[in-house]
Amino acid sequence: MNGIRKLVSPKLLVIPVAIIYLVLAYISLSRGNSLLIGIVLVLLSMAPFLWRFERRERQARELVLIAVMAAVATVSRIPFAALLPGFTPVTFIVILSGVVFGAEAGWMVGAVTGLVSNFFLGQGPWTPWQMFAWGMAGFTAGLFAHRSPSRRKRLPLILFGAAWGFLYGWILNVTVALDVGVREQSWASVLGVYALGLPFETIHAAANVFFLAAFAPSWIKLLERYRRKYGALHRIDAGSDAGKEEPAYGQRTASE
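Per full-length UniProt numbering, the very first residue in the sequence shown carries number 1; after that it's consecutive.
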């Protein structure tokens with residue numbers, strides 16, 4: 001794999017991938033299958049994240065930690081999906097994975113959760129969109145929190161989680177909006193799809209607010225303790241000195 005990575009630049013893959021996508025898009029539009037276009041597009045959009053994650057050398061305990069976080073998120077989704085769809089702690093867990101372990105780890109936890117949990121709840125054309133939406137929630141959480149330590153406090157995380165409650169639903173609505181828009185050729189129909197999804201997105205946002213407000217401080221302390229103890233998923237925050245880590249959430253430094 002190292003030899004392949006040295007010989008093949010990701011930039012060289014852009015042109016053939018773009019050609020393949022354009023061919024598939026033309027065939028799909030000519031047959032009225034707009035869903036295939038969206039699925040292929042979202043899968044291609046995830047390729048750079050997978051490439052970047054695979055290129056970095058990681059220890060076994062780091063991969064185990066990502067798998068454990070994805071498993072916890074998957075298990076937590078199943079009972080909530082049966083009781084109240086949309087009110088789930090999955091996004092909460094994905095966001096905290098990005099906050100504590102970094103953007104790449106957050107993306108992997110979100111994408112893996114979307115794929116694995118649907119083996120229990122049902123696979124479909126929505127699966128790649130769920131993988132992408134949860135993956136981006138974890139990735140942006142890592143970028144958001146690591147810009148400044150103050151963004152790891154309760155209120156900024158609550159606002160961030162509320163925003164992703166709506167963004168997640170809007171991303172998933174693309175699966176239906178693409179099909180409706182192509183068949184009916186009407187922007188009003190597309191807007192109608194998003195309007196119908198608004199109650200579910202509000203529930204999702206409320207769930208994120210609840211779980212982040214109630215459990216974010218304790219979870220961040222727990223996950224930070226593990227990261228520091230085992231040296232897993234070491235990261236350098238933006239704006240900090242090279243090689244220097246910030247104190248864990250709520251942890252005092254020796255100089256304080």
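C-beta atoms are modelled at their ideal positions from N, C-alpha and C, and glycine is treated no differently.
Segment limits, alpha helix (DSSP H) that includes residue i
i    : result
G142 : T127 to H146
S76  : A60 to L83
S117 : A103 to L121
R152 : Premise fails: R152 is in no alpha helix (DSSP H) and is neither H nor E.
Candidates the options, of which the one nearest residue i by Cα
i    : options                   : result
V174 : A216, W126 and L157       : W126
T202 : A177, R225, G165 and I220 : G165
P128 : L155, G114 and I158       : G114
G142 : L172, G169, V109 and A162 : V109
L159 : L96, A205 and S97         : A205
P79  : E62, G169, N118 and G124  : N118
F215 : L172, V90 and G169        : V90
F144 : A188, G98 and L167        : G98
S150 : A111, F139 and P217       : P217
A111 : F139, R227, H146 and A177 : F139
I171 : S148, L198 and H146       : L198
A163 : R225, N208 and R77        : N208
V75  : E62, F120 and L63         : F120
Proximity below 8 Å, CB of residue i to CB of residue j
i           : j    : result
T88         : A82  : no
G68         : A137 : One point to set straight first is that residue 68 is Val, not Gly, in the sequence displayed. Against a cut-off of 8 Å, the Cβ pair of A137 and V68 comes out as no contact.
residue 258 : L223 : What is shown of the chain runs 1 to 256, which leaves residue 258 out entirely.
F92         : G169 : no
W219        : L96  : yes
F210        : G86  : no
A70         : V116 : yes
- Message: Contact between the stretch 184-199 and the stretch 129-141 is defined here as three or more beta-carbon pairs at a separation below 8 Å; is this criterion met?
- Response: Cβ pair count under 8 Å is below three, so no.
- Taking one C-beta from the stretch 149-165 and one from the stretch 101-114 each time, how about it: are there three or more such pairs within less than 8 Å? Contact fails: fewer than three Cβ-Cβ distances are below 8 Å.
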